[in-house]
Every structure is written in structure tokens, then in C-alpha cells.
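Protein chains in written order, with the UniProt record's numbering: chain A, 1 to 461; chain B, 1 to 461; chain C, 1 to 461.
Shown next, in C-alpha cells, is the structure this report addresses.
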Amino acid sequence: MNKIPSNIMALASNTSNKRETVCIFGTGDFGRALGHKLIQCGYPVVFGSRSTQTSSLIPKDAEVLSHAEAAQKAAIIIIAIQRQHYNFLAPLAENLHGKVLVDISNNLKINQYPESNAEYLAQIVPGAKIVKAFNTVSAWALQSGTLDASRQVFVCGNDMEAKQMVMDIVRALGLTPLDQGSLLAAQEIENYPLKLFPMWKFPILLSLGLTTFFFFYCLIRDVIYPYIYENKDFSFFIAISIPNRICPILALILLALVYLPGVLAAIIQLYRGTKYRRFPDWLDKWMLCRKQLGLVALAFASLHVVYTLVIPIRSFVRWRIISYTVSQALNNKTEPLDTTNAWLSDSYLALGILGFFFFVLLGITSLPSVSNNVNWREFRFVQSKLGYLTLVLCTAHTLVYGGKWFLSPSSYRWYLPNAYMLSLIVPCIVLVVKFVLIFPCLDKPLMQIRQGWERNPQYSS
Amino acid sequence: MNKIPSNIMALASNTSNKRETVCIFGTGDFGRALGHKLIQCGYPVVFGSRSTQTSSLIPKDAEVLSHAEAAQKAAIIIIAIQRQHYNFLAPLAENLHGKVLVDISNNLKINQYPESNAEYLAQIVPGAKIVKAFNTVSAWALQSGTLDASRQVFVCGNDMEAKQMVMDIVRALGLTPLDQGSLLAAQEIENYPLKLFPMWKFPILLSLGLTTFFFFYCLIRDVIYPYIYENKDFSFFIAISIPNRICPILALILLALVYLPGVLAAIIQLYRGTKYRRFPDWLDKWMLCRKQLGLVALAFASLHVVYTLVIPIRSFVRWRIISYTVSQALNNKTEPLDTTNAWLSDSYLALGILGFFFFVLLGITSLPSVSNNVNWREFRFVQSKLGYLTLVLCTAHTLVYGGKWFLSPSSYRWYLPNAYMLSLIVPCIVLVVKFVLIFPCLDKPLMQIRQGWERNPQYSS
Amino acid sequence: MNKIPSNIMALASNTSNKRETVCIFGTGDFGRALGHKLIQCGYPVVFGSRSTQTSSLIPKDAEVLSHAEAAQKAAIIIIAIQRQHYNFLAPLAENLHGKVLVDISNNLKINQYPESNAEYLAQIVPGAKIVKAFNTVSAWALQSGTLDASRQVFVCGNDMEAKQMVMDIVRALGLTPLDQGSLLAAQEIENYPLKLFPMWKFPILLSLGLTTFFFFYCLIRDVIYPYIYENKDFSFFIAISIPNRICPILALILLALVYLPGVLAAIIQLYRGTKYRRFPDWLDKWMLCRKQLGLVALAFASLHVVYTLVIPIRSFVRWRIISYTVSQALNNKTEPLDTTNAWLSDSYLALGILGFFFFVLLGITSLPSVSNNVNWREFRFVQSKLGYLTLVLCTAHTLVYGGKWFLSPSSYRWYLPNAYMLSLIVPCIVLVVKFVLIFPCLDKPLMQIRQGWERNPQYSS
């Protein structure tokens, strides 16, 4: 956050004046919204329009002139026109010479045109100083003042002074300008507002798929099986018991999948004997969404914690404990304390609590503002040391939880093992391979490779 | 965070030297604190003072000269004097010509003077380059080195080079300069340190009011009523039971109040047929504090979760369950499992857990560092889609929780309905109206209006 | 976060071209990694190397020339060579005149050399414009594209234009340049990547020490004592019961230690009658790590909360309640509700919940992105008002929890008091001293001292 916090600004405008005139070409929605806002913030605004009669839509205090006349009145011209109509600017090139043209346009698709709109504009009006800005702000938000979302406005351009002038306007509107460098950045800036969580797609689809699979798996084992063989109606397990089985399973599998690509990369590098060849594409993409995978895993782990803590309040659990107590009282017997059982129960809970604790720590350090305050050495310490510790603790939690049932035949229903057994496969593989990779005979060459050493330098070029 | 993390810097100063001399006018508290710090960071410091004899208060290594002499020694002069005494600079105008004057003053009230102190200084010494800076840092923090709070120093000024020079000093002191643009921003910068959570006032006052009302409401129903009619002392309900009734009620009402203004705005726009007229003032203000309302609601929801999870540990609850079990054992009966009850209990818990989960997600995305990493499209997706999902889940949670009691006469005491019934009014209204607004016959014109279409363009100007 | 979110960039490069040639001196690991990345982002790259035959290691599309030839081809030269070999640049001084030299070197120890590597480079090649950059990025991360950690690149240098050119390259690589001012900042920038949580060392070591002490203390009282005198095996207490005793104790002590230095500082200032003398070194260091102490305390408090909520699920606790219920049923008696007990139990839970709630609030406001959005007045309000409120609530929670046992002789085993009694010493001292300091006769002079007043000004200079 590089700005005086937001909402305050939105109310406190109107106070300052003495601003320089700004010209806006185009009287469409965004042009008008921007004009309104600029006038509110004390800027004299001139609209450039083909016909000067559509004035009823335009803010009262703004002048409406022809394009050529309007351009003369201001040093900064905001082009609030769609890219398809940029051609009409070509004949105006003389009027626009030396002016700062602000390209605020967006496209409908990512990489819709070979060059960015701003670069296209620079080709059409070569004498002007093009600055890309404002495209990440919605007209509706600008209009209603409800800029709760990001107030960041990416700005790029080749002329430093022009960029500064535009950034001053951005600041005056209560927004935060972020210099993104030269006009070459325009393509990226134009693609930015079109994205919808691109890095989250794979983790979320994967977890949806796994959730569906494990839901039906547990439904068969825990609801349908007892209904058929014991004629018991446990359909209400769908609300809490089954989700509380799926959540820890997904948390564990996804957490293991965060560390699997790193292990695979190490194997590939050891095999190739160099770090200077690119990984296969799927591995590259997998590595880039590890953070998102981890956060989805954390979400499932958190749900698991709440579902577990809620257990003693559930009316079914209360009923079960009360019936058990009553039956003991009626049978006139008191069971002695089973210390082994107490050990098992307490230690799987303790392992789970510690695992969750470190998992949350990992989550907090992945907050942008925290990870920005951490250097590379610290980040690696947290993400790899603490990360593996979390994985070990969570795997141990699951192992101790299910320990007693592993070999019991009653835990197989229709030959289906308990779901948590399936969840142990990936984490155990990751931990075993990682354990092998720690051995000096493998760790040393790997370190050398990562420091730039190559086994067969002659082949690598 | 645009700086090498903080505390490290504070210890590691003294290392560098070769700095340019800085002159400070005024030997008051802030002047001296700044002088100390500048000397620590290797800057030669000259104080300009009316009398050069108050030297005992001044850092040892600093020179104290008359204003005119001191001004000659440095290119940058920090004006550590109150605005009322700026007049004395007028006769020095010649000595100050071309110098960078840093205005660090603050006022006692918001918008105390028509123009900012920095602009006033610029009028008095027109030949100097005025830069506003340092006013957001406390002298005490500067002195003690305990800058745990924000290290951000807002800087503004019309001369780019002067601003750069001041920003370099700011950086050298271990602080983070933030360019706020031209001197017009000075007013806002001077108001900034005077504010005390202005956006939080309404949500906090509202929730305090509602809390008080519901506290006495529940006190009457749950403590006074049973005391009078059944002579039972449930006064200890004040500690947990009643707070755990108030918290979910407030969370639900406040969450609904986050979405109510959006719904009202839609109705107003549909009625007016344009988006280009301002909303009434109260609606504008309400919309600007929606984020804060939501976060207060989240705080209440979190308290509700902890209060609920703590239930089985409460000695009262343990006593109640044990007595019930003992009475069952003594009566020699075991109740069978009531599946409907198990369904109801599990599903209201599950709805609550999911509602809370999405609520926390909303809270995390409203962290500044997260919302800055999200574009407008993603932000709208999260805040409106996930937001309404949360509201639906939480309302359903409350409905299922109380479902069985709605029509039972025993739930009315002194004709007062259960408190949670009152809490359902606002969310149900919001959800019903929102549901109506989704219908195409209303949604389509609304979309058009928000894209700039106007029903009666001739009237709008 | 000042950049278009990260990972997207890493995939979307290659699109732009027309970049200016960059020259890299040195074909070591970092040089090659940087070369690879620059080529990927569309920069023509020329390597300067002693022998032009090691070309097999070098990216295919890069040219390899002698140093002098390579330098001629580009305006920017990245010096990917270790400081010890900088001497070889002296004879090239003429070729490097007016060029931008980017120093990317790191050292092995903090403050290894009297001057920074960048300043040393400036001495060797006085005609060049030296810019420090890229040293905070790891070659491995650059190579693999997995820059999940901080993407911040600290940049400093005396020439504004040179700095801008380097910052544009940084941006083009998908990283975030942060201007740190003049070349004097280079020392700090070079030390930065060598640090490993320097501020966390003391809090973590302290809490490890205290944890060990209290672990054995509780082990003796709760496991060994009953084993010897009652021959009961409570060894499973190690998993949950003992941690759940240690965590709240440490949370309370560490929280009190956050506020102790402030209280000590006030006493010292009152005694000395001035704020302008430095505190003893240990107090300075203690004050600088208060935030970290508080966060460690919060971690222990969170663990305590989860350990406590898990209680009713523990098999030992279930066994104990069931046996108790059964024994009551067998003895045919039902105990009436003990209202005092219900009050005590509910109120210590309520105090704990509220204390934890405010503690979490404090933790959230200490997130960098939140504390940056808060001015000094708001920060002091939160950290001191809410902080003391938290301390009071947590101390009261502990007092009410143990209230009934304080004077009971059965709570002393081997003359050892219950561990929580020890934990009350520091917080009670802090609260009592703070309470005394609030009295006007002490508060007024303290305020005056903190506003710059001195009791004996003649002695202070």
C-alpha cells in the first residue's frame, strides 16, 4: 500500500483546485466517469467529441469541443475510445504532436492483438508521448467511489516526464500509480484485468475432482454399506462425518503434491547432470502453482480442525456417549483406564495440532506483505524446513490415528480400505524419496548441479 | 513494504558517512529528535536558532548558528517551527532563495486552516522549493528508535529534484518515503496523522448499540424470566451463554448490512434510470464503510465460533449432561437414536462451519496486501459471489438452528420471541430483494444503466 | 506488492522484444542464470569473458567476446564476478567510462569489508555509473522461475538515470525494483541476504529455555509425583496435558515481557529527567524485538486454545467423565448445580476468550500491510490500549482459573507450587508498575519529558 488509505480520500476531495486542464477524447461510459471524477478532484475537463450535441450525458462543468479544439486546450489527452477507432487520430497527428496521450483501453481477450493497444496508438500518432494507465480501474467503481478493491493503477510509458504527469493525476484521484517501466509493459498491463485467478484453476479443479471421488468412496463405505448389511440409517453422516473424512485426506494429499514437484525436479537434474535444461512443461506449471496448492490444502486442513472440534457438540455423538454410559451403569461395571489408548489418542491429537500450527505458519508467511519482508535465505528456511516438518507431522498424525486399524479385517468393507489409507500413498512416497535424496552421495552432486556445475558440459549447449 | 525491514536498520546506522549537511530551523522537541537521528546516520547538522545559547538541549555534534548563517551552510533546511511563527521567515527570503525547505508541521485539527501549512510556507518564501515530509513520524518514535508502526513518510512537492533529495534523507533514516505528488497533496498529508479510525466509527458505534440492546433483551428472557417464574439462578449465563447469543446475531445483522446498501443502490438506479446522479449522502457513507462493517461482523462470528467450541468444557454443560445421563440410568431406559434430530444438529453445524469458512476467506482477501494482488474482476468475484454465498449459508445456519422453535409457543417469553428470530429480519430482506433483482427483467436494465445507458438523457444534465 | 502478480509474468515473457543489449562480465553461475533469463525476456545478451571458449556453458543465443569488446556493445554491464577479482577491471577503465556498471555481488559474512562491494567497484572504475542491484535474488530461483519468495530487488546508486535503466531491466524480468537511494545504501543491501531472522533469535531462544524449564517442572509435579506416591501412570500427559500447561504460561510471560521494557524505560526516564540520553544497550535491543516477542506469545496462546478445545475429544477425558457418571448412577445420587462453580468456570473461559480475541487483533495489526495503513496515533492506540487490555484479560483469566487453589495445600507437591502461579509473577509486576505510572504525579512529568522537557538541562549536553 503506497497511498494514504483510500476511503478517506474519496470523501475529502473537492478541497484542492489549481489543477491543469485535462482533455478527454470520447464520451463513452469510461470517459464520462473519468471526467466526473476529475472535475470532482478540481481538474478543468474538456471533452473532445465528433458531435458536440450529445452534451446532455456529459458532466455539467465540462466543455465539449471538436477533437482538434479540445486537444489544443490541454497537455494531457486521455483517449477514452476503443482501439478499432484509433484510426481517426491519424489526421489529428499535428494537433497531438508533443502531447501526452493516455491509453486507457482494454481488450476482450488475452493477447487479442499482436501488439498492445498503447503501442498501436504510438504507431498511429508517432509524435505524441504515449502513456498507458487507468485500464485496471472499473468505470463503475470510479463513478460510485466504492474502490474497496485494489487502488493500484499500472502506468507505463517511454517518456519519464509524461509518466510523472499522469502519475500525479492518478494520485490526485486517490489511486496508487505503479510505474511498470517502458511501453513494452503495456501488453502485460492490458492482459492483467482479464485474468480470473489463472494460478488457482489447476489446484481448485484437482481438489474438486478428488473431493467428488472421496465423497462417493466414503458414502459407499460409511452410509450405504451399514444401510444394506446392518439396516442402519446413517445418512446424516453426509453433513459432518464424511466432510470431516474428506478434508484431512485432501489436505494431506495436496500438501504432499506441493513437495512432489521439487523432488521430481531433483531427480531430473540428477539424471541430466545439469540445471541449464528446461523442465518439461507440465513440471514447470506444477511448480508455479505450488503456493496455491498449499493454500488450498491449508483451507481443507482448517475445515478439518473445525469439523473435529465440533464433534462433542453433535447430537449424535452426545447420544452415543450417553447410551454407552447408561449401558455401563446398567451393567454395573466400570472400565479401568486404558493407558495405551490414552497415549494413542493424545499423541495423534498432539501431532495433528502441531502439524496444523506449522501449516498455519506457512500460510501466514505466504501472505504477500510477509513474504516481501523476508529475504531469500529466510524464505527457503521457512518453506522447505518448516514445510517438510509440517508434512512429516501431518503424515504421522494420520498414521497414528489409523495405526490400530491397518491390519484389522473389519476396516475393509467390500474390499475397500479405509479412505485415509489411500491418502497416505502420496505423502509417504514424497517423504521416502526426499529421505533418500538427503544422503550425501545424492545430496552433494545435486548441490553442485544447482550451483552451476554440469556433468557433461559439451552436450549442454 | 518498500524498505529493508525495519529494526535491522535502526541498529545498523552509524556505518556510513559522507552525507551532505542538513540545516534545521528550530530547536523544539521534533527538531532536536530529528537532529539526533540525522547525526546518528552520518549527516552533519546545523541548527538555526534565534538565540544560540540554548545549546545545552541540542545534540553535542551539531553546530548552532543564527538562521541566516545556518541557511548558508546547507542546501536542505528543515523547518521545525510551528505554523504561527512562519512569518519570521519572510525577511530571510533572500537567504532561502533556491533552497529546499522541508515543512514537517502538523495541525491540531483536521482542515484547521484554509490552505495547508506547506502551501502557506510556499507563499511566504516564494523563491524556495517546498517539500512536505516527516509529519507522519512521531518525535518520540524517532528518538527511541522504536518505529514498530508504519515507517512510511509521505512526501510531496512541486520540484522533482528537491523531492528526491528529501526522499534520500528519509531512506537514510531507515524510513520509507512515499511520493504523493505535487504540493496540493499537503493538505491531505497534514490531516493524515490526526485521524483515528474514521471509517470504523460508524460500524463500532452501531455494533455497540446493537450489543447493548440484545444483551438486555437476552438478560430479560434468559436470566430474569426463569428467576421470576422458576426461581432458578442462571446469572452465570452472563459470562458465556448470553455473549454466545449476541455474537452470532450481530455477525448476521452486520453481514446483511454490508450487502443492504448495494441492494438499495441498485433500486435507486433502476428508479432513476441513470448512474450519473449521486446517491444520497448517507448511502455514500454507508457504502464506504462496508469493508469495516464486514470485518466487525467477522470479529463477532469468530467470537461465536470460540464460544461455541468451548461449550463442552463448561462446568454447567458437563453437569447438565451428567445429570441427564444419571437420571436415564436410574430410570433404566435408553433412548434410541433420533435420526431427524441428528440430521438437524449436524446440518446446522455444517452450514455454520461452511459459512464461517467463506467469511474468513472474505476477511483474508480484504487484507491490503492480498487485495492489491487481485484485479478488479477477481475482487468482484470474491466479494460479491463469495459474499452472498456466505450470507446465504449463515442465514440458513440460523434458520435450521431455530427451525423447530419457530412456531412453538414456549419459545415466547413475555411475548418476546427468541433473539435469533429478530436477527433474521435484515438478512432475509436483503436476500429476497437480491433474489428479485437477479430476474432478467430487472437485471438487464440495471446492467445497461451501469454501463452508462440513461433512460431519460435529456433530464440528466 | 508493487508488481503485476508474479507467476503470471514468468510464463508470459517472450512476447516483447526491441530491448537494448545487455553485457554480462563473468560466466559463473549467476551470470549465466541472469543471461538465460534476460534472453528469455527479449534482451540481446553479450558475455565478456577471459577465454571465449567456455562457450558451451553459456546460453545459445548469447555472444561471447573479450571484456573490452563486450563492453563496447552495451550501455549496461552487469558485473557477475566476485569482489576479489574486481582488480582486473582497472585496466578496462577507459572502455567502461560512462557505462552503467551493475554490481550484483554478495559477501559471505555481514560487514565483511569496510566498504561495500559496490563502493569498492566505484573506486576501481571511477568513470562509470555504479548501480547496486540483483544481489537479493538467488540464481537458482532466477533459473527455475520459481520466485515464490520476495520478488523485490533493492536498487541503489548515485546516478538517477542509470538507476532508472537498471530498474527497467528489473521490471522486465518480472521483479519489483525498490529504490533505496544513493550508493551509501549498498552496505545494507549487501548485508540483507545474509540475515536469518536476526530479530527472532532472542524471543525464540528465550521461549525454548522457558519451555524446557516448565516442561521438567510439570513433568515432576504431574507425572513423576503421582507415579511415586499414587503409583499411577500418567505418562501420556506428555502429549497434551503438559503442553497445554506450558503454552498458556509462556504466552502470559512473553506477553508481559513485551510491556516490561516500556515500563522500565519510563522509570529510567523519570529517574534521569530527560529523554535525550540513550537507554542501556540491553534495553534498546529488548525494545526492538518486542513485536517478535509478542508474536511468539501469540503462537503459544493459539496452541493453548487448540489444546484446550481438543480436551473433550481426548479418550482420557471421556473415560474420566464416563467413570464419574457411572459411579454417580451406581451410588444413586444426583448432585445439584453448583452456581459458584458455574460462575467461576464460565468466567475464566470468557476472560480467556476475550483475551485471545484481542491478542489476535494485535497480531493482525502487526501484519506489515495492515500496520502500513495505520497512522502513528492509531498504532499507539491499538498497541498500547488494546495491548494492556489483552494483558489484563489474560492475567485475570489465569487468576480466576487458579483462584480456588491458591491457598489449598494440596496444590503444593514437593513444596512446588502449581506452574501457573509462577507465570503470574511477571505480568502482575508489569501491571502494578504500570498502574502506579498512570497516577498524575508520575504521568505528568513523564509526558513532559517525552515532549522534550528536561529536568537538568545544564547536565544533559
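Ideal Cβ placement from N, Cα and C applies to all residues, glycine included.
- Under DSSP, residue 177 of chain A forms a beta bridge with A:153.
- Interface criterion met: the Cβ of residue 136 of chain C is under 8 Å from a Cβ in chain A.
- Residue environment for residue 165 of chain B: buried (at least 16 other C-beta atoms within 10 angstroms of its C-beta).
- Along the length of the segment 92–133 of chain B, whole beta strand (DSSP E) runs at least 3 residues long occupy 100–103 and 129–132, reported in chain order.
- By the neighbour-count criterion, in which a residue is buried when 16 or more other Cβ atoms sit within 10 angstroms of its Cβ, residue 90 of chain A is exposed.
- In the DSSP assignment, residue 426 of chain C falls within the alpha helix (DSSP H) that extends over 425–438.
- Residues are counted here when their Cβ sits less than 9 Å from a Cβ of chain A; for the segment 312–345 of chain C these are 312, 313, 314, 315, 316, 318, 319, 320, 321, 322, 323, 325, 326, 327, 328, 329 and 330, given in chain order.
- Between residue 408 of chain C and residue 211 of chain C, the alpha-carbon positions lie close to 26 Å from each other.
- Look at residue 355 of chain A here: in three-state DSSP terms it is helix.
- Membership of residue 218 of chain A in the alpha helix (DSSP H) is indicated by the continuous run 201–218.
- For residue 48 of chain B, the enclosing beta strand (DSSP E) covers residues 45–48.
- With a threshold of 16 other beta carbon atoms within 10 Å, residue 286 of chain C meets it and is buried.
- If only complete runs of 4 or more residues are kept, the segment 333–415 of chain B shows the alpha helix (DSSP H) at 339–365, 368–371, 376–380 and 387–402, in order along the chain.
- Three or more Cβ pairs drawn from the segment 409–426 of chain B and the segment 219–239 of chain B lie within less than 8 Å of each other, which places the two stretches in contact.
- For residue 25 of chain A, the pairing in a beta bridge is given by DSSP as A:48 and A:79.
- At a Cβ-Cβ threshold of 8 Å, residue 314 of chain C and residue 347 of chain A do not count as neighbours.
- The C-beta distance from residue 450 of chain C to residue 376 of chain B rounds to 45 Å, too long to meet the 8 Å contact threshold.
- Within the same chain, Cβ atoms closer than 7 Å to the Cβ of residue 189 of chain C are found at 132, 135, 154, 156 and 180, the five residues on either side in sequence being excluded.
- By the criterion of a C-beta distance shorter than 6 Å, residue 79 of chain B is surrounded in its chain by 25, 101 and 103, once the five residues flanking it on both sides are discounted.
- Going by C-alpha positions, residue 309 of chain A is about 52 Å away from residue 168 of chain C.
- By the Cβ test, the segment 381–398 of chain B is in contact with the segment 352–367 of chain B, since at least three Cβ pairs between them sit closer than 8 Å.
- When the alpha-carbon of residue 341 of chain C is set against those of B:275, B:360 and B:319, the nearest one is in B:319.
- By the C-beta criterion, the segment 430–438 of chain A is judged to be in contact with the segment 258–270 of chain A, since at least 3 inter-stretch pairs fall below 8 Å.
- Between residue 256 of chain B and residue 426 of chain B, the C-beta spacing is below 8 Å.
- Within the DSSP bridge table, the entry for residue 65 of chain B names B:48 as partners.
- Between residue 369 of chain B and chain A, the shortest Cβ-Cβ separation is below 8 Å.
- In this structure, residue 99 of chain C and residue 77 of chain C form a Cβ contact; the two beta carbons are roughly 5 Å apart against a cut-off of 8 Å.
- The continuous alpha helix (DSSP H) containing residue 164 of chain A extends over residues 160–172.
- The straight-line gap separating the alpha-carbon atoms of residue 350 of chain A and residue 240 of chain C is approximately 6 Å.
- At a cut-off of 8 Å between beta carbons, residue 32 of chain C makes no contact with chain B.
- Interface residue (Cβ-Cβ distance to chain A less than 8 Å): residue 233 of chain C is classified as such.
- Taking one beta carbon from each stretch, the segment 321–329 of chain B and the segment 292–300 of chain B have fewer than 3 pairs nearer than 8 Å; the two do not touch.
- Using a Cβ-Cβ cut-off of 8 Å, residue 353 of chain B counts as an interface residue toward chain A, since at least one Cβ of chain A sits closer than that to its own.
- The residues 23, 48, 77, 92, 95, 96 and 99, in chain order, have a CB closer than 7 Å to that of residue 71 of chain B in the same chain once the five nearest residues on each side in sequence are set aside.
- In this chain, the alpha helix (DSSP H) harbouring residue 255 of chain A covers 243–272.
- Listed in chain order, the positions of the segment 300–312 of chain B with a beta carbon within less than 8 Å of a beta carbon of chain C are 302, 303, 306, 307, 309, 310 and 312.
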